[in-house]
Amino acid sequence: MVALERPLVSNPLLRVSQLMTHQRGPFDLSIDAGQCVSLRGPSGSGKSLLLRAIADLDPHQGEVWLDGVACAQILAPQWRRQVALLPVESQWWLDEVSAHFPDEACPWLIPLGFSEAALGWQVSRLSSGEKQRLALARALMNRPRVLLLDEPTASLDEVSAAALETVVANYRHDTGAAVLWVSHNAAQAARVASRHYRLQNQQLQNRQLQANGLQEGES
Amino acid sequence: MNMITLTPMDLSLAALLVLILAGLSWQMRLGLERSLLIASLRMVLQLSLIGLVLKTVFATSGLLWVTLMAVVMLLAAGYEVMARQQRRLKGWWGYGLGTGAMFISSFAVTVLALFTMIGNQPWYEPQYAIPLLGMMLGNTMSGIALALDRLTQTAWQQRAVIEQRLMLGQTRFEAIAEIRIDAMRSGMMHIINAMAAAGIVSLPGMMTGQILAGAPPMEAVKYQILIMFLIAAGTGFGVTTALWLASRRLFDERHRLRLDVLSTPQG
Chain A
8 MVALERPLVS NPLLRVSQLM THQRGPFDLS IDAGQCVSLR GPSGSGKSLL LRAIADLDPH
68 QGEVWLDGVA CAQILAPQWR RQVALLPVES QWWLDEVSAH FPDEACPWLI PLGFSEAALG
128 WQVSRLSSGE KQRLALARAL MNRPRVLLLD EPTASLDEVS AAALETVVAN YRHDTGAAVL
188 WVSHNAAQAA RVASRHYRLQ NQQLQNRQLQ ANGLQEGES
Chain B
15 MNMITLTPMD LSLAALLVLI LAGLSWQMRL GLERSLLIAS LRMVLQLSLI GLVLKTVFAT
75 SGLLWVTLMA VVMLLAAGYE VMARQQRRLK GWWGYGLGTG AMFISSFAVT VLALFTMIGN
135 QPWYEPQYAI PLLGMMLGNT MSGIALALDR LTQTAWQQRA VIEQRLMLGQ TRFEAIAEIR
195 IDAMRSGMMH IINAMAAAGI VSLPGMMTGQ ILAGAPPMEA VKYQILIMFL IAAGTGFGVT
255 TALWLASRRL FDERHRLRLD VLSTPQG
């Protein structure tokens, strides 16, 4: 794994400290380079709000560090290019898919199950599953160092979901990116992540998962 | 000028037409008679009052009185802009934004026109200054009100799209650029249409009034052309300023969309 070849530093790639948003928190979490961490919790527990605050889309207290650099020290658009949030429902504001992509080849189309021609498609004719996969490809074009994925396979069938999991895992291994993956599916969480958080009653807890996805207990 | 003075009798005859219409509305149960009569009464009272005020201001010709009148007109126009917003900016912004933008555009263009184009002595001669400013304010007011309403409403509806663009690393200006262009267009549409239709579809009100009052048609036309240019420029500068300020206000310094600066619509 690339992550092991990186120099051992005490700083995790992403560190969230005493983060409070919309009267929730304080939350602390950290993710090392090349690591994928799952986040689960009941609906309405604030998982999406936590992701929004980490991407600096909502006013918040506390601080988030990327590789030792505080969010407040970087211009917000630059921060969001490096800390990419993939929302549950992606938005497309122009007619053609390609208009939402920068003018360079997108290497993730084929691994995600598309042909190069997909860029020429009309947005109005995309299915929700196609939108979800294309939104990941679009987000990766910024070469983010952290991926915040909010139920990225919610509207995907098993085949497409597996393709997406593989694309994220390969990106993580190739670039040393950190991934925070919100999932309602325990089996998926166990499959994609090496550490697990659970958000419940305003508390962020470390959890261990068995290989079959059932919860064993707190660590 | 061979101006034909209207007698109270002439006006009463015209009023009789409106009364007949009100009677008809009552007969046919259209429910319009009440608002029609109240609006007619308001129009007569307000115009008579402004006639008296103008008569006094014209008689004094002092800069102080002209300025006072101009300020009252500006504040009233600022209130109108605010009242026409579905979702206005909270606090002083709601009032100050439109008023400020009109102050910059209408006042500046009017004063420029008085100094350079009309060139009367003194430049603030109320017979020219007040009607000119009135026409400028009336038009920039509609433009700014329409544009601001469009901007805030669209931003509200397209919140998800704006935030998606921010998530992809766009700046606040990039993320709202199309919405701003759209709002600019709706603010300018009225005056652009008016210029395109002037003389063919419609005879502009000011020119018609001058001709009725006995002015030679070509002189009236020249004035109308001047006014149209001034209104177009004033509206454009006013709308640009208002949209720039408002779209800045919709985001904070961390490029976050802050719809909490907007009030919720009443009713």
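So the sequences go chain by chain: A and B. Each residue of the first sequence is one higher than the last, beginning at 8 in my numbering. Each residue of the second sequence is one higher than the last, beginning at 15 in my numbering. All C-beta atoms in this analysis are idealised placements derived from N, C-alpha and C, irrespective of residue type, glycine included.
Could you work out which residue in D65/A, Q209/A and C43/A is closest to E177/B when comparing CA atoms only? D65/A
Please give me, in chain order, every unbroken run of the alpha helix (DSSP H) with length at least 4 that falls completely inside the stretch 77-137 of chain A. 83-89
Could you pull out every unbroken alpha helix (DSSP H) segment of at least 4 residues lying fully inside the stretch 145-210 of chain A, listed in chain order? 165-182 and 193-199
Measure the alpha-carbon distance for Y138/B versus G92/B and round it to whole angstroms. 22 Å
If contact means a Cβ-Cβ distance below 9 Å, which residues of the stretch 58-82 of chain A contact chain B? R59, A62, D63, L64, D65, P66, C78, A79 and L82
Strictly below 7 Å CB to CB, what residues from chain A border L6/B? Residue 6/B lies beyond the residue range present for chain B, which begins at 15 and ends at 281; the question has no answer from this structure.
Taking 8 Å as the cut-off, decide whether the C-beta atoms of T154/B and S119/B are in contact. yes
Find the residues of chain A that neighbour R263/B, judging by a C-beta separation of less than 8 Å, and give them in chain order. Chain A residues near R263/B: none, gap ~15 Å exceeds 8 Å.
Look up W137/B in the DSSP assignment and say whether it is helix, strand or coil. coil
Examine chain A for any beta-carbon lying closer than 8 Å to the beta-carbon of T166/B, and answer yes or no. no
Would you kindly report the start and end of the unbroken alpha helix (DSSP H) that includes F72/B? E47 to T74
Count the other C-beta atoms from every protein chain shown that fall within 10 angstroms of the C-beta of R262/B, then say buried if there are 16 or more, exposed otherwise. exposed
For the beta strand (DSSP E) that T46/A lies in, which residues bound it at each end? Looking at the sequence provided, one finds Leu at residue 46/A rather than Thr. Residues C43 to R47.
Taking the alpha helix (DSSP H) that S261/B falls in, what are its first and last residues? P231 to R263
Please classify G224/A: is it buried, with 16 or more other beta-carbons within 10 angstroms of its beta-carbon, or exposed? Low per-residue confidence applies at G224/A: pLDDT is 43, beneath 50, and the placement is therefore not dependable, though the value from the model is reported in the following sentence. With fewer than 16 other Cβ atoms within 10 Å, it is exposed.
Going by Cα to Cα distance, which pick from S277/B, T278/B, L273/B and R268/B is closest to Q85/A? R268/B
S120/B by DSSP, collapsed to three states: which one? helix
According to DSSP, is N18/A part of a helix, a strand, or is it coil? coil
Per DSSP, which one or two residues make a beta bridge with A212/B? S216/B
Could you confirm whether any beta carbon from chain B is found closer than 8 Å to the beta carbon of P84/A? yes
Can you give me the C-alpha to C-alpha distance between M96/B and S277/B, rounded to a whole angstrom? 12 Å
If I measure Cβ to Cβ from T249/B and keep anything under 6 Å in the same chain, skipping five residues before and after, which residues do I get? N153, T154, G157 and I205
DSSP-derived helix/strand/coil call for I30/A: Correcting the residue type first, residue 30/A is Gln in the shown sequence and not Ile. Coil at Q30/A, not helix or strand.
In angstroms with no decimal places, state the Cα-to-Cα distance between T19/B and L162/B. 42 Å
Out of curiosity, what's the CA-to-CA distance linking R87/A and L58/A? 12 Å
For a contact meaning CB atoms closer than 9 Å, what does A197/B contact in chain A? Within chain A, no residue comes near A197/B; the closest Cβ sits about 16 Å away, beyond 9 Å.
Report yes if the CB atom of E165/A is closer than 8 Å to the CB atom of V189/A, and no otherwise. no
Which one of L126/A, P114/A and V95/A has the shortest CA to CA distance from A106/A? L126/A
Whole angstroms are fine: how far does the CA of T222/B sit from the CA of M232/B? 12 Å
According to DSSP, which residues form a beta bridge with E70/A? S24/A
8 Å Cβ cutoff, V235/B in contact with chain A: no
Reference M83/B; option with closest CA among A29/B, L27/B, P140/B and L31/B: P140/B
Hey, how far is the Cα of E137/A from the Cα of R173/B? 22 Å
Quick check: the Cα distance between G32/A and Q89/A, rounded to an integer number of angstroms? 24 Å
L26/A burial status per 10 Å Cβ neighbour count (16 or more: buried): buried
How should T173/A be labelled, buried or exposed, when 16 other C-beta atoms within 10 angstroms of its C-beta is the threshold for buried? exposed
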